[in-house]
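These notes concern the structure reproduced below.
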Amino acid sequence: MADGLPSNIVFDIFEDSRGLVWLATDAGLFEFIGEEIKFRKELSRLQGERINSICEDEKGNLWFSAQGVGLCKFDGKKLSIFQLDSVAEESGIACLVKNAASDHLILGSSEGVFVYKEQNSKLKHVGNLWKKPVFKIRQFQNKLVANSASQKENVEFEMESGKVREYHTEPNLPVVEIGYQNNSIELKNLLESGKPFTLNTKTKKKLVCDVIEAEGNETQDFYLLRYFEKEIQKQKLIRLCGDLLSDLSAEKMLDEYVIHSIFLRKGYDDLWIGTHNHGLIQLQNSKFTYLDSDLLGFKNTLLQDLICDCRGNIIVASKNEISILKNSQVQHRLLVKDFCSLASREFKCPKDFSIYKLGTDKHELVWISTNRGFYTFSTNSCQLKYIGITPAENFVFTEDDDLLCFWQNQFKFYSKSGWDSQKPILKFPKSAGIGVSKMVAKNSSIWISTRQKGIIQFKNNEFRIFNRKNSNIHNVLNDILVLPDSTIIAGGNNGLIYKMKSKSNSLVVIDSITDLDGLVGTSIQGIQYLKDGSLWCGTNLGVHRFEYNSWLKNSNLKFKFWNSKDGYLDQTGEQSVIDKNQDIWLKTKNKLLKIETNTGKRKHFEDKISLTSIRIHGEDWMPDSSQADEWTNSPISPIELNYDENDLAFTFGIDFCQNISNVRFRYLLDGFDEKWSNWSPSSDAVFSHLPSGNYTLKVEGKHLSEGVIIPFSFDIIVKTPWWKMWWFIILLSLIFGGLVYVAMWGYTYFIRKREKTRIKQLNRVIGLKMKSLQNQLDPHFIFNSLNSIQSYILEEQKESALEYLSDFSNVLRKKIESANKDFISLSDEIDYLQLYLKLEQMRFSNKFSYKISVNTAINPFKSKLPPMLIQPFLENAIRYGFAASETKGNLDVNFEIEQDGYLKCIIKDNGVGRKKAKDLHEDSNIKVHHKTMIITQDRIKLLNKVLNNGRVYEYFIEDLTDEKGFPSGTKVVIGFPKQ
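The letter at position 850 of the sequence shown is residue 851 when you use the working numbering, and the numbering goes up by one with no holes.
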């Protein structure tokens, strides 16, 4: 229960046709998914009830017996409880199975065995004469075997014929021995039948047993036996593997456990045991086998080293003793006293005696380095000899069979007879504290991995050191290996496995394995290369197996990985060796580990990926029954989502996965993603703002310990919003087309109307211009001008007459030319005004003077203004301002410009003012002139409507006064927008 199990009492474990595993407990019925327990809300009615047994019918429905409740059926959606009209319900259903020959249920109770037919909800007693309490029922071939509660009477039923055969415990029962069997097929038939037998254990006990449950696969069979001691029922678990029958209860210390059920999942080798008060027990069939130091004969000591000799013996050294193993059994031991009896008496033995390293020479003689020199041991004669030479923490034999020894920060060569070699010595200062992790002799070179200086090579009578400074490798290295192709493999504590080549006097890293390639862990130990081309190594988190041929640049490295949940429980492994079967033996601190490297199929089925949950906008979402299987929740049709349900998170799992930490996933959303995601331990696939469309979510998972990729996929449809549907787009297009048509028609109508108005206004402007022209060419002006010319002629002022006549003709010409133009230049307007003022000055006998000035910022040739707008104001000043004035008149015309190009014409006169002029000229002439001003005002209004560009045409008239307040003239300001 501490691991999440709802109860520590498990009565039955059952796997249905969908691969779902169910637990019958005294707290209800639960789904077991490997590492977790899943409770279905549809079964809440049975929570807290005792479930005795589970089976499945042909339709996939689950049937189970609930004590005090009755017979129950679950179809994945609904729980049904059946009322049975028999004593079987009152006494409780102890067990039930599905009859293989029909769709009937077989029920076992205290009143015997019953057949239940769902069609008519009727119970039929099987074997009317046999009404004993039933403990278990199981299938055997085409028969049913019922174990009675007392063991004295087991029965075998043939359902079709109705025959019943009883088995009794007789004095001469068949005898079964633990160990190797002469006829395993005959033994298997006996165990699977309901016949009692006598089991002889290794402890010489003779137990009368019968089989109450059996589980098996292609490689092994498990049997749960029942026996009685002093009328107390007990169980024993045995395994038949080939010809070997073993007592698992004794091996796994299960004799004191009450076992209710055993379960072997299809395709798995691991056995699950349902117990009373101890929950579920898993007997893991692991590739890792541990031998404690106690089993090796070493008492509370650390292991120092191990080797494998040519005969396949595993030789293990502790601090001061050695054990020789064969077939995992200790065959011979070298005790500390054996070493002390051969060594010099100058040191205290065994207190000061330490073994450091083991090795073999060309003659397969085992060499043992100690703090007191070398020993040799022959595995053929079991003879131990003391050689001496030198103490050595580590050593290796060269190709010429010399010794390279490491002792107290010094590498030195010796002959096997003890003579110093002439080869060079490599010595480090005492303060360096050099630690040698491994020494390898290969291809006329010696390679040494150290924990401070990187790699040391001895070649051509010279030592070379390669490390971070010159070879880009870590200074701390735990292991080194030279492959048959001379490639050098090394690893340290930085999470890298180096692949290197020796070139001339350098060491070149050509590639490396990191966590991006799948390496789990940082501390690399025990590197080995096997004949099958696999590269093995251990880390602080598990064991790796790499396919060396797949270790190429820009390629996917194929590998497998095992961690603690796969049986690799002690990650302190260091040195390793390969035995004659190509299995790896690894030395940990106080254990010896054997790794079975045979990677043949350990499972006989294909794993399946399951969709465990869907979240939309962070909220759990359940597909309906038409989209997902009601049992497994796996999609059976495309998952359809609304357009706004596009923030998705999918969580995946592997069915009955017992080591989810050793699983990796990757995914690709076809139609959205361009490439697969990286392999990750995360089982979530998250998508945000997914556009509408049809997608296929492809998922791949793999157990790192298996290396097999498991595919999974399903379709997703994100519905298109209604405003993106074809019918809406067509409707919108029609509406838009209609609106465009109406808008174009309205716009055309508006344009036509505006143009019509504009033309009308332009016609009015032209008419007003013509009227202005007519008014400016009124008969009085023409009469006065002609009269002035006549006067000059009569007075014989010929030149003045000619000049006046010329100016008069120019004024008429310019007026007529301007009448056909909308705008003229300021220069032309000034020319016209000067001619007009000159005529008026001559006509009024120089009664006034005038001056026209233009601001230097104004370009008179580029500035434009409408014609015939200024002249009426000048005429007004001359005719009504100066005519009644007793003093000579002054008329100033100034042109100014503002920053935005707005042109101003400022007219000043010193006439009598507007009020006095009105009083003095109450005749038709002023009425005509008044009409001219009205026309001018109308022209300005029309110009503002037709030609307005932001600023407007306007004029202001200001009456000027002197210091005493008497009228002193008039000021007119006329504004012209920039054109």
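The beta carbon of each residue, even a glycine, is placed where N, CA and C say it ideally should be.
Since the structure is predicted, the reported quantities are computational estimates derived from the model, not experimental observations.
One or two residues paired with residue i in a DSSP bridge
i, result
"Y228", "K235"
"T962", "P968"
"S826", "K865"
"S379", "Q384"
"K909", "D893 and K972"
"C309", "I315"
"N395", "F407"
"T933", "BP columns for T933 are empty, so no partner."
"N155", "Y168"
"C350", "None, per the DSSP bridge assignment."
"D584", "Paired residue(s): none; D584 is not in a bridge."
"L482", "I490"
As assigned by DSSP and simplified to three states, the class of residue i
i, result
"E631", "coil"
"W728", "helix"
"G739", "helix"
"F751", "helix"
"P712", "strand"
"K358", "strand"
"E400", "coil"
"Q409", "coil"
"M623", "coil"
"M501", "strand"
"M254", "coil"
"N494", "coil"
"Y181", "strand"
"N856", "coil"
"F12", "strand"
"K1", "A question about residue 1 goes unanswered here, because the residues of the chain that appear run from 2 up to 980."
"T290", "strand"
"P7", "coil"
"N550", "helix"
"A150", "coil"
"W746", "helix"
Own chain partners of residue i with C-beta closer than 7 Å, once the 5 adjacent residues on each side are dropped
i, result
"N856", "F896, E897 and I898"
"T391", "G374, C406, W408 and Y415"
"A89", "Legend: pLDDT at A89 = 49, less than 50; position of this residue unreliable, no value from coordinates given."
Cβ-Cβ distance between residue i and residue j below 8 Å
i, j, result
"S370", "Y387", "no"
"F547", "S706", "no"
"L359", "K592", "no"
"N998", "L265", "Nothing can be reported for residue 998: it is not among the residues displayed for the chain, which extend from 2 to 980."
"F715", "I640", "yes"
"D625", "I655", "no"
"I730", "L870", "no"
"R665", "S678", "no"
"Q628", "E36", "no"
"D13", "S45", "no"
"V441", "T451", "no"
"D104", "D76", "no"
Boundaries (first-last residue) of the alpha helix (DSSP H) holding residue i
i, result
"I1", "Since the first and last residues shown for the chain are 2 and 980, residue 1 lies out of range."
"K916", "R915 to L921"
"R469", "R469 to S472"
Unbroken beta strand (DSSP E) run spanning residue i, endpoints
i, result
"I449", "S446 to T451"
"C341", "Element bounds for C341: not the beta strand (DSSP E) but the alpha helix (DSSP H), V337 to C341."
"Q872", "From DSSP, Q872 is part of no beta strand (DSSP E) but of the alpha helix (DSSP H) over Q872 to N877."
"L670", "V664 to D671"
Contacts around residue i, its chain only, beta-carbon distance under 8 Å, and the 5 residues preceding and following it disregarded
i, result
"E214", "K137, R139, Y224, L225, S262 and I263"
"N444", "V483 and S487"
"L245", "G180, Y181 and Q182"
"Q872", "Q777, Y833, L834 and Y837"
"K500", "T488, I489, I490, V510, I511, D512, S513, I514 and W552"
"D516", "G496"
Beta-carbon contacts of residue i that lie in its chain and below 6 Å, excluding the five residues immediately before and after
i, result
"A67", "L47, E50, I52 and C73"
"S614", "T652"
"S247", "R240"
CB contact check: residue i to chain E, cutoff 8 Å
i, result
"W724", "Of the protein chains in the structure, only one exists, and it is not chain E."
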